[in-house]
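Visitor:
Chains as they are written, first to last, in the working numbering: chain A, 1 to 342; chain B, 343 to 684; chain C, 685 to 1026; chain D, 1027 to 1368.
(1) May I ask you to verify whether the region 254-267 of chain A touches the region 29-43 of chain A, counting CB pairs closer than 8 Å and requiring at least 3?
(2) At a Cβ threshold of 8 Å, is residue 71 (chain A) touching chain C?
(3) What is the DSSP secondary structure of residue 318 (chain A), counted as helix, strand or coil?
(4) Can you tell me which of the three DSSP states residue 198 (chain A) falls into?
(5) Express the C-alpha separation of residue 592 (chain B) and residue 1120 (chain D) in angstroms, rounding to a whole number.
(6) I need the DSSP call for residue 79 (chain A), collapsed to helix, strand or coil.
(7) Taking DSSP as the reference, what is the three-state secondary structure of residue 629 (chain B)?
(8) Check whether the Cβ atoms of residue 703 (chain C) and residue 928 (chain C) lie closer than 8 Å to each other.
(9) For residue 56 (chain A), does the three-state DSSP call read helix, strand or coil?
(10) Please identify, using Cβ separations under 8 Å, the residues of the region 753-783 of chain C that lie next to chain D, in order along the chain.
(11) Say whether chain A places a C-beta atom closer than 8 Å to the C-beta of residue 997 (chain D).
(12) Under DSSP, the alpha helix (DSSP H) around residue 242 (chain A) begins and ends at which residues?
(13) Residues in the region 1291-1303 of chain D with C-beta within 8 Å of chain B's C-beta atoms, listed in sequence order?
(14) So which of D:1125, D:1238 and D:1331 has the shortest CA-CA distance to residue 1202 (chain D)?
(15) Would you kindly check if the distance between the Cβ of residue 836 (chain C) and the Cβ of residue 794 (chain C) is under 8 Å?
(16) Rounded to the nearest angstrom, what separates residue 854 (chain C) and residue 1319 (chain D) at their Cα positions?
(17) Taking the C-alpha atoms as reference points, what is the distance between residue 1169 (chain D) and residue 1295 (chain D)?
(18) For residue 1245 (chain D), count the other beta carbons within 10 Å of its own beta carbon; 16 or more makes it buried, fewer makes it exposed. Which is it?
(19) Have a look at residue 1037 (chain D) and residue 240 (chain A) and give me their C-alpha separation to the nearest angstrom.
(20) Can you find a C-beta in chain D that's less than 8 Å from the C-beta of residue 624 (chain B)?
(21) Relative to the C-alpha of residue 471 (chain B), which candidate in A:136, A:91 and A:98 has its C-alpha closest?
(22) Does DSSP put residue 1339 (chain D) in a helix, in a strand, or in coil?
(23) Under a three-way DSSP split, which group does residue 1319 (chain D) fall into?
(24) Beta-carbon of residue 42 (chain A) versus every beta-carbon of chain C: anything under 8 Å?
(25) Would DSSP call residue 1261 (chain D) helix, strand or coil?
(26) Reducing DSSP to helix, strand and coil, say where residue 307 (chain A) ends up.
(27) Residue 895 (chain C) by DSSP, collapsed to three states: which one?
(28) Taking residue 639 (chain B) as the reference, give the member of B:423, B:619 and B:625 with the closest Cα.
(29) Is any beta-carbon of chain C found at less than 8 Å from that of residue 227 (chain A)?
(30) Give me the subset of the region 1154-1167 of chain D whose CB atoms are less than 7 Å from a CB atom of chain B, sorted by chain position.
(31) Suppose contacts are defined by Cβ-Cβ distances below 8 Å. Is residue 186 (chain A) in contact with residue 138 (chain A) by that definition?
(32) So that I know if they touch, is there some Cβ in chain B lying closer than 8 Å to that of residue 101 (chain A)?
(33) How should residue 1253 (chain D) be labelled, buried or exposed, when 16 other C-beta atoms within 10 angstroms of its C-beta is the threshold for buried?
(34) For the beta strand (DSSP E) holding residue 692 (chain C), just list the boundary residues, first then last.
(35) Identify whether residue 464 (chain B) lies in helix, strand or coil by the three-state DSSP scheme.
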């Protein structure tokens, strides 16, 4: 079985693993107060051109999402997101478990628009019964989205202005940010300039695990480490997170991993389009969602694993192909050849 | 201004107020452990033909909803409801504040169907990624619904069977149950037979305040008073709730209040239909939702208060008329005459 | 049985009940947005000499406590209180259910001192592992305390300064404030000047129910009605609370109720002391805690109900006598005579 | 600086690191549904002689504690523990953040007794006002405790019987279980027989991170993976946990790590006792708490790092020495020689 179902089915990029081995016997203070974390944080601040940013390293994405959102909101506030948002659809109600309602907006391509956000906020603000409703307090975006689509700089600028005009914070979930940076005009300095908080994902981009939360908003910075600890997100051997991000960011590795996987995915996308199979969305990143006839799906499934995404009609199946740091050219060539031969 | 905007804009039915005055100086134990509460509970058990039911008196509906739902669910479970459900749209995220996600289903007439419920449960049960999603744990219905519509006995039987087949509890919010009993074939013994828990609303049916929660499910009965106390719902002078429900239930008053307001609303409904104004739904209860041209709305608003329900198009406004225990025949006659004259 | 076990075992003071009856048929907007609530709020602002204060009316004390504390704290913060504090000992973990730890301090007389508070805060601030601990965010006092003792103006000034110096909010639970005002030099303007938020209790001072939360802190004022609604504390017929507080405050009734019950309790206290029975604390308010030999307790219990407070040794029982708005002079005379005769 | 302040300041035992490297490129399903986790779970069931046990791998201890406790309790229940318990003193209110109060009991040596537990439960059960108090629902023990002391089999049997007789679950936090197994007569099969749930700590015993939660109680088993996901504890590359526990358990490594560190700590303990310095408790495990004169502390601190534990009087300091998998004989010999020379 050749695996294309996700971007986290192998371990770490060799350079990351080497860094862990090289530092294994170094005695360090616990809980992220070591020099590796300090250095990795500095590297991120530099890349973001945000010398005032606070950087915290958490183990995983759900943990980052629930910790950030619960830190940002007052009890009566909720997080605006798309109906497809990971926090709404794939985290077992983790945000609600911290006491906050989500306010999902409809989406076709996984993206939310400044217009939708503006309308929702204006509706709330002008509703005479608004005190009986959840107040929008934060906007949650994924970049890339759950469907692999990306925001442009102009789109994020509009969302950021709209959010701030209505008093909302802007949070970007960057679980797959490595791939988003390779596929849109949005840069790390843009994110730091436009967001109140966002994270650079490590788990899906070559780390064993780890997400780097970058906080720009002054109020949100305050006491954030207490909140990490309270939600169970403070790793005893926090150095592991620092060491991994040092390795990922040291010589452009993070960028190269993103670039490579996106290039592979785009090669695959061309092959899918050449067959005339409809894509669910036009994704420029490492996830490609395609609808194939069931007999094709059956044939592919004998050799390749993909992620099942439901049946749009009785005769077709929607599947996701995913490339990642460990996707080999050989495997991709084989897949593309097999697709062309079908 | 003659008021038709809601069914809780006056105080209590005179018989209720008299009962409160008559018992005012009686010393009673606190927290609902008095003889009035015991007697009112007995009356409800009798009316429900449910000698094993537990009955608890709470002050208000949001409190009843959040206490019941948080008591019924494990942390990873959510409550299925309609998108229009009061808990989803008008309680400021009260259920989410106890840690639970809502699972809203689309609705046109305010009702949820057994088929929708079955499909949602089957989808969850067969989803390979279900552990990443909120598990349906309870179904929340309002009877009458937020749009004034009602469930039939057959519909509630189907929902009850579906819920229980999938391991969910069934909870019916009866904030306006007095009007539902007057307008459908569903009886209190039916509710006691089909639900795990439901409540008879007092606030909107002639009490100063108060809702009677009836628990049939054995597991849910356990320690329920602890949960009432914890959520701030245990009234120190709990006798006030017992006294009011004794008065409401003593000689069929609750039923008469429901019947009278429904009859009034149906008279009004005929007048609205005679004008050719479209109703939002075909409601058989004390709430009537109608869409009127804006100039008509402006004329009505000079003399009558109604509840604004948005603008379906630039030239029309949706409004709710509500009757209640204190709606006088004179006021209703005036309204109907004015409508006919428009 | 003549009842002295608590101050909430009868209904409302006749003037309160009359006001409810007089306004019963008045149509009012719901949810506390009526003229009665507005007027009662104005009266409280005047009495407090705090024209900028926000006043909200809630149904009960546990509800007020959990709503205020959850509104005031960030997720990693806790409420400092005494070990005997009502929120720590008699509310079924209501505050914890909103996600916040309590930080109880030892007490003999039910009071907390500025020194204790200062020490706890300094310990936290200087603890290198403080991020692993709950951060003190608010001080909760009861005035009078759960043992009937009171704070002096100088004591509350010291606590207020200490709290604010360490960045904590000060909250005073005034469930029995009517009795505290009658028994200490602390006035309503003092409370408004020193606290961030406090409440005037109605339930235990002649109302059917109701507590008036007074907010001085600007940040806490923001969106407080959303939070009341979310916690289930927004009464549909909110007018009932406004009407009752108007009646209580209109002509000094609240003060007279407090004064009368305290005078009665002090008469009783002299009788208890004359017998040589030790008091648990030296209470100047309407609650008197006394330790009596078991045979005395048995004799008293045949005619008088009291609140059982445990057995300090095998031969003695601690009990509480409570006076209130409805305690008659006849009943008190009988009790005192019987005590003297024992 | 030679480090003795904790047992988690280096990376992983070389065998653990090798296993991670050896499996790095293996493609695996995510979220702990891989063969490594399955194998490690099997090994734990075998070691516990508990073929029916469920085993789940979580990243850290706070996460394990909050997930287990929130899964086990109904909303009105709390966890009994000692005042020194990690959940009470060092987890930033993580359990309270899930809505549950802790019920701490006084302790001198870090242990809780069956008698204390029995008394607390009986007091609750016989309290007429118990519905106003948090109901004990679970007992939390640490073995070894936060002071390094251990429970005997007889002690745990008594606690287990007491807990179950009163309807409470028994949960043992085994963050340092490797050292407890080396220092008491309690075995893994004993824990599996007496507890409802416990965990074997990896982080403090040679893993990079990871705790293995073992569930014996049938009710608690149900849907536990949903709860892990909801609390942010489900690692995407869950294989990392399986691989590490396979390595730790494969050939008795876990036991050897525990044995070695305990032997080292006992050698150190003899040296401390020989100096006449009082120990805070008589610990048989890898943590030794000693009270030293301040000038001694100053001298030691120039060469050795220890964990500061407060000042029992103005002239003395309490410190903790900790040994672990990576403590070398050379470093220990140097420390002991220096102590003897002081």
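Ideal placement from N, C-alpha and C gives every residue a C-beta, glycine not left out.
Guide: Checking against the coordinates, here is how it stands:
(1) No, they do not touch.
(2) For the purposes of this step, residue 71 (chain A) is taken as residue 71 along the first chain, with counting starting at 1. Yes, because at least one Cβ of chain C sits closer than 8 Å to the Cβ of residue 71 (chain A).
(3) Against the first chain, residue 318 (chain A) aligns to sequence position 318. Here residue 318 (chain A) sits in strand by DSSP.
(4) Mapped onto the first chain, residue 198 (chain A) falls at position 198. In the structure shown, residue 198 (chain A) sits in a strand (DSSP, three-state: E or B).
(5) Here residue 1120 (chain D) refers to the residue found at position 94 when the fourth chain is read from its first residue. Here residue 592 (chain B) refers to the residue found at position 250 when the second chain is read from its first residue. Using only the alpha carbons, I get a separation of about 49 Å.
(6) Along the first chain, read from residue 1 onward, the residue named residue 79 (chain A) stands at position 79. For residue 79 (chain A), the three-state secondary structure derived from DSSP is strand.
(7) Here residue 629 (chain B) refers to the residue found at position 287 of the second chain. Of the three classes helix, strand and coil, the one that applies to residue 629 (chain B) here is strand, per DSSP.
(8) The sequence position of residue 703 (chain C) within the third chain is 19, counting from 1. The sequence position of residue 928 (chain C) within the third chain is 244, counting from 1. In terms of Cβ geometry, residue 703 (chain C) and residue 928 (chain C) form a close pair [threshold 8 Å].
(9) Walking along the first chain from the start, residue 56 (chain A) turns up at place 56. Reduced to three states, the DSSP call for residue 56 (chain A) is strand.
(10) Within the region 753-783 of chain C, the residues whose Cβ lies closer than 8 Å to some Cβ of chain D are 759, 760, 762, 773, 774, 775, 776, 777, 780, 781, 782 and 783, listed in chain order.
(11) Residue coverage of chain D in this structure runs from 1027 to 1368, which leaves residue 997 (chain D) outside it and unanswerable.
(12) For the purposes of this step, residue 242 (chain A) is taken as the residue at position 242 of the first chain. It spans 239-250 - the alpha helix (DSSP H) in which residue 242 (chain A) sits, taken as one unbroken run.
(13) Within the region 1291-1303 of chain D, no residue has a Cβ that lies closer than 8 Å to any Cβ of chain B.
(14) The count along the fourth chain starts at 1 and reaches residue 1202 (chain D) at position 176. If we check each option's Cα against that of residue 1202 (chain D), D:1238 comes out closest.
(15) Taking the first residue of the third chain as 1, we reach residue 794 (chain C) at position 110. Taking the first residue of the third chain as 1, we reach residue 836 (chain C) at position 152. No.
(16) The sequence position of residue 854 (chain C) within the third chain is 170, counting from 1. The sequence position of residue 1319 (chain D) within the fourth chain is 293, counting from 1. Using only the alpha carbons, I get a separation of about 40 Å.
(17) Sequence index remark: in the fourth chain, residue 1169 (chain D) carries index 143 (1-based). Sequence index remark: in the fourth chain, residue 1295 (chain D) carries index 269 (1-based). Cα to Cα, residue 1169 (chain D) sits roughly 19 Å from residue 1295 (chain D).
(18) Taking the first residue of the fourth chain as position 1, residue 1245 (chain D) is located at position 219. Around the CB of residue 1245 (chain D), fewer than 16 other CB atoms lie within 10 Å, so the residue is classed as exposed.
(19) Mapped onto the fourth chain, residue 1037 (chain D) falls at position 11. Mapped onto the first chain, residue 240 (chain A) falls at position 240. If you take the alpha carbons of residue 1037 (chain D) and residue 240 (chain A), they lie about 8 Å apart.
(20) For this step, residue 624 (chain B) is matched to residue 282 along the second chain. So no, residue 624 (chain B) is outside the interface.
(21) One-based indexing of the second chain puts residue 471 (chain B) at position 129. The residue with the shortest Cα to Cα distance from residue 471 (chain B) is A:91.
(22) Stepping through the fourth chain from its first residue, residue 1339 (chain D) is reached at position 313. Residue 1339 (chain D) falls in the strand class under three-state DSSP.
(23) By one-based count along the fourth chain, residue 1319 (chain D) stands at place 293. Three-state DSSP puts residue 1319 (chain D) in a strand.
(24) For the purposes of this step, residue 42 (chain A) is taken as the residue at position 42 of the first chain. Residue contact with chain C for residue 42 (chain A): absent (no Cβ-Cβ distance below 8 Å to any residue of chain C).
(25) Taking the fourth chain and counting its residues from 1, the one referred to as residue 1261 (chain D) is at position 235. If DSSP states are grouped into helix, strand and coil, residue 1261 (chain D) belongs with coil.
(26) As a first step, residue 307 (chain A) must be located in the first chain, where it is residue number 307. Residue 307 (chain A) carries a strand assignment under DSSP once its states are collapsed to helix, strand and coil.
(27) Taking the first residue of the third chain as 1, we reach residue 895 (chain C) at position 211. Correct three-state label for residue 895 (chain C): strand.
(28) Against the second chain, residue 639 (chain B) aligns to sequence position 297. Of all alpha-carbon atoms in B:423, B:619 and B:625, the one lying nearest the alpha-carbon of residue 639 (chain B) is that of B:619.
(29) Against the first chain, residue 227 (chain A) aligns to sequence position 227. Output row for residue 227 (chain A): interface = yes.
(30) Residues 1157, 1158 and 1161.
(31) By one-based count along the first chain, residue 186 (chain A) stands at place 186. By one-based count along the first chain, residue 138 (chain A) stands at place 138. At the C-beta level, residue 186 (chain A) and residue 138 (chain A) stay beyond 8 Å of one another.
(32) As a working note, residue 101 (chain A) is residue 101 in the first chain. At least one CB of chain B lies nearer than 8 Å to the CB of residue 101 (chain A).
(33) In the fourth chain, the residue the question calls residue 1253 (chain D) occupies position 227. Buried, by the Cβ-count rule.
(34) Numbered from its first residue, the third chain carries residue 692 (chain C) at position 8. Annotation for residue 692 (chain C): no beta strand (DSSP E) segment contains it, and DSSP assigns it neither H nor E.
(35) Here residue 464 (chain B) corresponds to residue number 122 of the second chain, with the count starting at 1. Helix, per DSSP.
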